Each structure stands twice: as C-alpha cells, then as structure tokens.
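Student:
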Amino acid sequence: MGRDYKMKFKYVFVLVYIYFISQTHSYTYEPNKGPSRPNIVFIIADDMGWNDVSFHGYDQILTPNIDLLAYSGVVFERYYSHCICTPARSALLTGKFAHVTGMQGLPILGIEDRGLPLTEKVLPQYFKELGYATHLVGKWHVGQSRTKFLPTSRGFDNHFGHRGGFIDYYEYELQENWNSTIRTGFDLFRNLNPVWNTEKGYITDLYNNEAKSIILSHDESKPLFLMVSHNAPHSANNGALLQAPPDEVRAMRHIENPERKIFAASVKKLDDSVGDIVQTLLKKGILHNTIIAFISDNGAMTSGLHLNYGSNWPLRGIKMSPYEGGVRVNGLVWSQKLTNVNNHAWGGYMHVVDWLPTLLRAAGSEPPHNIDGIDLWNEIVHNKTSKRAEFFEIDDYNGYASIVSGDFKLVTGYVNPQYSTYQGGDLRGIIGPKPSYLKSLEKSKMYSVLHKVDMQFNIKHVELRNKLQIDCKVRNDSQDGTLCNSDKNKICLFNIKEDPCEMQDLAENYPDVVQKMLDRLKIELNRTIPRKTPVSDPRASPLLHNFAWDVWADNIS
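Spelled out as structure tokens, the structure:
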C-alpha cells in the first residue's frame with residue numbers, strides 16, 4: 278500500500294507540475310523560436326480618432342470586434358504615434374522617430390520623388406530574415422516614385438493595395454492638387470501592376486477578402502507576418518469625401534450628424550473586417566499561435582483638408598497637431614496566450630517606434646540596438662512599468678516641436694490654431710434609441726471566436742471600459758482664449774497625466790522643468806534630417822502613365 282500511495286502521489290505531483298508549467302507559459306508567453314515562431318497580424322486604421330472606438334466609453338459608433346480584442350488582450354491606455362500618416366508609418370517600419378530619417382512633416386505626394394531612405398532596414402526585412410512569409414494589404418505611403426521604394430523591394434513578398442495617402446472607396450482613384458491643377462490617377466496595385474479591370478467593390482471589403490485569402494492559403498511551414506493597412510476611415514477625394522455602403526449608412530440612423538453617419542458606417546466595415554480576420558485565423562487553425570495588433574496611425578481629421586468627421590473628443594487637437602488628439606491614439610495587442618495577464622489595460626507609455634523591437638522580441642529574436650524603439654514586450658505581458666519615458670514630435674517643415682518626458686509635455690513653435698482646439702463634441706449627438714452595446718458584443722464574430730477557443734468573456738462586466746474613459750469636463754465652447762497656444766514667442770507646458778486634455782499651462786509654474794525639457798529637445802533637434810520642400814515634378818502625372826500613379830522616376834538620376 279505504501280508503494281502504491283507513493284506512486285499515486287508522484288503521478289498527481291507530475292500532473293500538477295505540468296498544469297502549473299502550462300499555466301505559467303500561457304501567462305508569460307515566452308517567445309517561440311524556429312518553426313513555431315508566432316504568426317503576427319498587424320492591422321492599421323487610417324485617421325481613426327480616440328472617440329471612434331466604443332471601448333473608450335461612448336455608444337454612438339460601436340466597434341464590438343475591436344473592443345473584444347481589447348478586453349481579452351492588452352489595450353494601451355497611453356499609446357502614441359506621430360500626428361501625420363507618412364511619419365507614423367515610417368516610424369513603425371524603421372523603429373526610428375520620423376525626424377531621424379527625414380520623413381517628418383507633410384505626407385509624401387505622388388508628385389514627389391521621395392521615399393523612406395534605402396539605408397534603413399525595415400520591419401518586413403527583419404521578419405524575412407527570421408523565415409516569415411511577409412504580406413502587405415492596403416496602404417503603403419512611404420515612397421512610390423521608384424521601384425526600389427515599393428513594398429516588394431522593402432521586404433514584403435507581395436502587396437495588394439494603394440501606394441499613396443488614400444483612394445476613392447469604389448473607383449480606387451487618388452486626386453492631388455498641383456498649384457490649383459487637379460490630377461487624378463488610379464492607385465490600386467497588385468505588386469508592380471495596376472489592377473484596372475480585375476477588382477470591384479468597396480475597398481474595405483477588397484482588403485478584407487485579400488487578407489482572408491492570404492491566411493487560408495498560408496503555408497504553415499513558415500510563420501506568417503501580415504500587415505493589413507486599411508484605407509478606412511480616411512476621407513476620399515474632395516468630390517465625395519465620405520463613402521460607405523448605403524445599407525450600412527442607413528443602419529446608423531441613430532446618429533444625428535449626417536456626415537458622421539457615413540463615417541460611422543465606414544468604421545463599422547473596418548470593425549467587421551477585424552472580426553473576419555480573427556475568425557479566418559481560427560478556421561485556418563493558427564489563431565492559437567498568432568499575435569494580433571491593432572492601431573490608429575494618427576488622430577482623426579475632424580476639420581480642415583481631407584476632413585473625415587472622425588473625433589478625438591475629449592482630447593485637444595486633431596491630426597496634423599502635436600496636441601494629444603493628434604498623437605494619443607488607439608492601440609492594443611492580442612494573443613490567445615495573453616489571456617491570463619492580470620491587467621488587460623496597460624498604462625505605460627508606448628510609441629509607434631516601439632513596435633519593431635517589441636514584435637521582434639515576441640518572435641524570439643534579439644531587437645537591433647541602433648534604433649529609437651524600445652522593446653516593451655516583457656513590460657506589456659507582465660504589467661510592468663514602461664521603459665519608455667520620453668518621445669518627440671518634431672516637424673521642422675511646419676515649424677513646431679514637442680517633447681513628452683515623464684508626466685510633462687512641452688510644445689514649442691508655431692502650431693496651426695485650426696488644428697489645436699477641442700473638436701468632435703458637436704458630432705456626438707444621438708437621436709432616438711441608441712444601439713445596445715452589450716448586444717453588439719454578443720452578436721460579434723469576435724465573441725463567437727472567444728467561446729470557440731474557450732475564452733469566455735463576461736460581457737456584463739466590462740469594468741475595463743469605464744477605466745479607459747477620459748473626462749476632462751471639456752465644453753464645446755472651451756476655446757475662449759484661455760488655452761495656451763504655442764507659437765514662436767510662447768512655450769506651453771502641460772501635465773498630461775493629471776490634465777490629459779491640455780487645458781492648463783504650467784510653464785510659469787515650473788521654469789526649471791521647461792528649461793530641462795528644452796535642453797533635451799535641443800539635443801534631439803540636432804539629430805534631425807531637415808525636411809525638404811516638396812517639389813512637383815510634371816513627369817509624375819498619371820496622364821503619362823496610363824492614368825495611374827505608377828512608378829515614374831526609375832530612369833532619373
């Protein structure tokens with residue numbers, strides 16, 4: 278009996294030990310190596326504001342699939358990006374601040390012979406070296422004038438999408454204004470060729486179907502790196518700024534503002550795509566070993582050029598601005614192996630430059646050391662204090678700069694007042710009964726996926742949503758001249774931890790802090806590669822390239 282008892286004890290001990298190890302592994306998500314490296318799906322929304330996802334607490338536009346990714350993964354409370362699309366995407370790809378590579382300021386135009394410097398090693402190239410199959414679906418916008426600037430020359434196995442800043446959602450055309458002359462060209466390509474007659478439909482659907490096709494046909498002998506860079510919810514061309522399927526717009530009849538209705542329908546299609554992609558990963562049988570990231574490239578463009586009626590409320594400022602509405606954006610990471618983390622909201626700083634080293638660490642690779650990005654994987658997984666303590670927004674072309682250091686943010690130089698106010702509050706109107714948030718979660722594809730993989734989520738207890746809300750008591754008329762507006766003679770200092778809406782200038786209260794941050798900013802300014810003035814080259818005209826925004830400078834020295 279004694280021997281039998283000892284054998285049973287050993288057997289139980291082994292079972293308990295195996296269970297403990299499996300649970301520990303599930304919590305820590307140690308990086309995999311070799312053939313078992315995790316798949317990575319990186320989804321980017323274009324010009325999506327802080328108040329354009331429902332996990333930040335407002336029921337006007339519901340994003341149940343994105344929300345459930347946040348609630349069952351790790352959502353970033355203080356995720357930052359650059360305030361303009363080309364700089365943000367350059368920083369994502371290189372792990373370097375945009376001003377260090379000369380990609381700051383206004384976004385690249387089709388008329389420019391300019392691209393992300395070829396001396397920079399970019400994200401897909403790192404993953405290619407690790408044996409990944411690499412795919413880009415959607416927007417590129419870091420260089421298109423020469424073949425060597427294109428995605429398939431920079432580490433992606435293939436690319437289906439647009440090369441410029443945005444396109445018409447149905448006709449896939451991009452308009453640019455050249456000194457009051459408008460040029461229109463086709464801008465939807467598969468690798469090196471425009472797809473004139475082979476594609477039709479709403480662009481979000483096309484990108485969604487392409488992403489699903491790539492997942493289903495993926496050769497599992499290699500890990501997958503898939504970047505899905507949506508056009509949505511960026512505006513289209515001036516003649517038809519907002520575009521969405523009519524039935525989806527009709528379903529938004531609870532929204533008071535007519536333009537906001539169309540914008541909301543565009544966001545709905547984006548959220549549907551997120552649900553489809555996760556469901557397809559499950560169908561393929563690779564969801565269990567896949568990391569999913571979702572971000573906005575910058576804040577919403579609520580007014581001005583290329584406005585889309587998105588909202589960063591209650592944050593101050595919009596896209597093109599160094600204020601929080603332009604740079605503090607939506608970000609999260611999800612994995613089935615992250616579900617046992619003890620806090621699904623991570624409060625540490627993360628900047629777009631940090632994705633490259635963080636994802637490489639998650640994939641089991643040592644990140645490079647000659648970049649600005651910081652590997653934050655361990656801090657995110659274990660809910661530790663962020664190693665990111667400072668970051669910058671430097672735009673020598675428009676003439677402003679900002680630095681965040683600890684709890685403080687300093688803004689200096691001229692910032693366009695049009696982009697520096699509180700916008701979007703008047704877009705929040707709801708008429709009639711608002712849709713049920715809990716029902717939207719229950720009906721979502723993400724909710725179904727969570728149950729199929731035994732990750733039940735109690736939607737009646739979404740306390741996390743309350744934690745993620747920001748309420749600064751901002752009024753629609755909070756533009757009465759009392760706000761600090763930076764210009765060449767005025768420096769603004771804010772405590773963005775206590776005052777996330779940047780309402781109270783503290784520059785006179787903390788002169789030592791101001792000087793210290795200015796000294797640090799001067800050091801960073803010395804690293805800046807000056808941004809050149811855009812040069813319009815008539816050789817780029819689509820009229821000369823079969824009416825497409827195609828490569829045009831390969832033979833120009």
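Residues 278 to 834, numbered by this note's numbering, are exactly what the sequence shown covers, in order.
We put the CB at the ideal spot given by N, CA and C, even for glycine.
Keep in mind the model is a prediction, meaning the values are calculated, not measured.
1) Using the Cα positions of Lys716 and Ile338, report the straight-line distance between them to the nearest angstrom.
2) Taking just the CA atoms, how far does Phe824 sit from Ile480?
3) Assign Val828 to one of three DSSP states: helix, strand, or coil.
4) Alpha carbon to alpha carbon, how far is Thr411 from Pro591? Give it in angstroms, no decimals.
5) Are the C-beta atoms of Lys614 and some chain D residue less than 8 Å apart?
6) By how many angstroms is the C-alpha of Trp632 removed from the C-alpha of Leu653?
7) Which residues in the same chain have their Cβ closer than 7 Å to the Cβ of Val790, if we skip the five residues on either side of it in sequence?
8) By Cβ distance below 7 Å, which residues in the same chain neighbour His822 in space, the five residues on each side in sequence not counted?
9) With a Cβ-Cβ cutoff of 8 Å, do Gly608 and Gly576 count as a contact?
10) Spatial neighbours of Leu615 within its chain, please: CB distance less than 8 Å, with the 5 preceding and 5 following residues excluded, ordered by chain position.
11) With Phe463 and His436 assumed to form a contact (beta carbons below 8 Å), what rounded beta-carbon distance in angstroms separates them?
12) Distance, Cα to Cα, Ala542 vs Thr805?
13) Near Lys538, which residues of its chain fall below 6 Å by C-beta distance, leaving aside the five closest residues on each side in sequence?
14) Alpha carbon to alpha carbon, what distance is there between Asn470 and Asp445?
15) Apply the 10 Å Cβ neighbour rule to Trp623 and answer buried if 16 or more other Cβ atoms are within range, or exposed otherwise.
16) Here's the rule: buried if 16 or more other CB atoms are within 10 angstroms of the residue's CB, otherwise exposed. What is Ile258?
17) Hey, Val318 and Val505: beta-carbon distance below 8 Å or not?
18) By alpha-carbon positions, which one of Ser331, Thr461, Leu501 ends up nearest to Asn566?
19) Which residues in the same chain as Pro341 place their Cβ atom closer than 6 Å to its Cβ, once the five residues preceding and following it in sequence are excluded?
20) Return yes when at least one heavy atom of the ligand GTP lies under 7 Å from the C-beta of Leu519, else no.
21) So Gly326 and Gly701 are in contact, right, with Cβ under 8 Å, and what is the actual spacing, rounded?
22) Taking only the alpha-carbon atoms, compute the straight-line gap between Lys711 and Pro535 and give it to the nearest angstrom.
23) Skipping 5 residues on each side, what residues in its chain have a beta carbon closer than 7 Å to that of Phe540?
24) Between Gly801 and the rest of its own chain, which residues show a CB-CB distance below 6 Å, the 5 nearest in sequence each way excluded?
25) Name the DSSP bridge partner or partners of Val610?
26) Could you give the distance in angstroms between the alpha-carbon of Asn309 and the alpha-carbon of Val551?
27) Please name the residue in Leu483, Arg440, Ser598 whose C-alpha comes closest to that of Gln695.
28) Can you look up His628 in the DSSP assignment and give me helix, strand or coil?
29) Of all the alpha helix (DSSP H) runs that stay within the bounds of the region 650 to 720, which reach a length of 4 or more residues?
30) Under the three-state reduction of DSSP, which class applies to Tyr409: helix, strand or coil?
31) Using a Cβ-Cβ cut-off of 8 Å (strictly less than) and excluding sequence neighbours within five positions of Asp336, which residues of its own chain qualify?
32) Determine the closest residue to Lys499 out of Lys416, Lys405, Lys793, Pro645, with distance taken between C-alpha atoms.
33) At which residues does the beta strand (DSSP E) containing Gly223 begin and terminate?
34) With the cut-off set at 8 Å, would you say Val604 and Tyr357 are in Cβ contact?
35) Write down every uninterrupted run of the beta strand (DSSP E) in the region 760 to 823 whose length is 3 residues or greater and which is fully enclosed by it, in chain order.
36) Contact between the region 369 to 385 and the region 481 to 493 is defined here as three or more beta-carbon pairs at a separation below 8 Å; is this criterion met?
Tutor: Per the coordinate set shown:
1) 14 Å
2) The C-alpha of Phe824 is placed about 19 Å away from the C-alpha of Ile480.
3) In the displayed model, Val828 falls within coil according to three-state DSSP, outside both helix and strand.
4) Between Pro591 and Thr411, the C-alpha separation is close to 38 Å.
5) Absent here is chain D; the protein component of the structure consists of one chain.
6) 8 Å
7) Phe685, Leu770
8) Trp829, listed in sequence order.
9) no
10) Tyr306, Gly350, Val351, Val658
11) At roughly 15 Å, the Cβ-Cβ gap does not stay under 8 Å, so Phe463 and His436 are not in contact.
12) 40 Å
13) Val526, Met529, Ile532
14) 18 Å
15) buried
16) Because the chain is modelled from 278 through 834, residue 258 falls outside the range shown and cannot be assessed.
17) It is a contact, given that the beta carbons lie within the stated cut-off.
18) The shortest CA-to-CA distance from Asn566 to any of Ser331, Thr461, Leu501 is the one to Leu501.
19) The answer, listed in chain order, is Ser717, Leu718, Ser721.
20) This structure simply doesn't include the ligand GTP, nor any ligand for that matter.
21) At roughly 7 Å, the Cβ-Cβ gap stays under 8 Å, so Gly326 and Gly701 are in contact.
22) 16 Å
23) Around Phe540: Pro510, Leu519, Asn585, Tyr586, Gly587.
24) A small fix is needed here, since residue 801 is Glu in this sequence, not Gly. When the five nearest sequence neighbours on each side are left out, the beta carbons in the same chain lying within less than 6 Å of the beta carbon of Glu801 are those of Phe669, in order along the chain.
25) Beta-bridge pairing links Val610 to Val351, Ala570.
26) Confidence is the limiting factor: at Asn309 the pLDDT is only 45, short of 50, which leaves the residue's position unreliable, though a coordinate-based value still follows. One C-alpha to the other measures close to 25 Å.
27) Residue nearest to Gln695 within the set Leu483, Arg440, Ser598 is Ser598 (criterion: CA-CA distance).
28) strand
29) 654 to 658, 714 to 720
30) Three-state result, Tyr409: coil.
31) Ile707, Lys711, Pro712, Tyr714
32) Lys405
33) This structure gives no information on residue 223, because the portion of the chain shown stretches from 278 to 834.
34) yes
35) 769 to 772
36) Remark: fewer than three beta-carbon pairs, one from each stretch, lie closer than 8 Å, so the region 369 to 385 and the region 481 to 493 are not flagged as touching.
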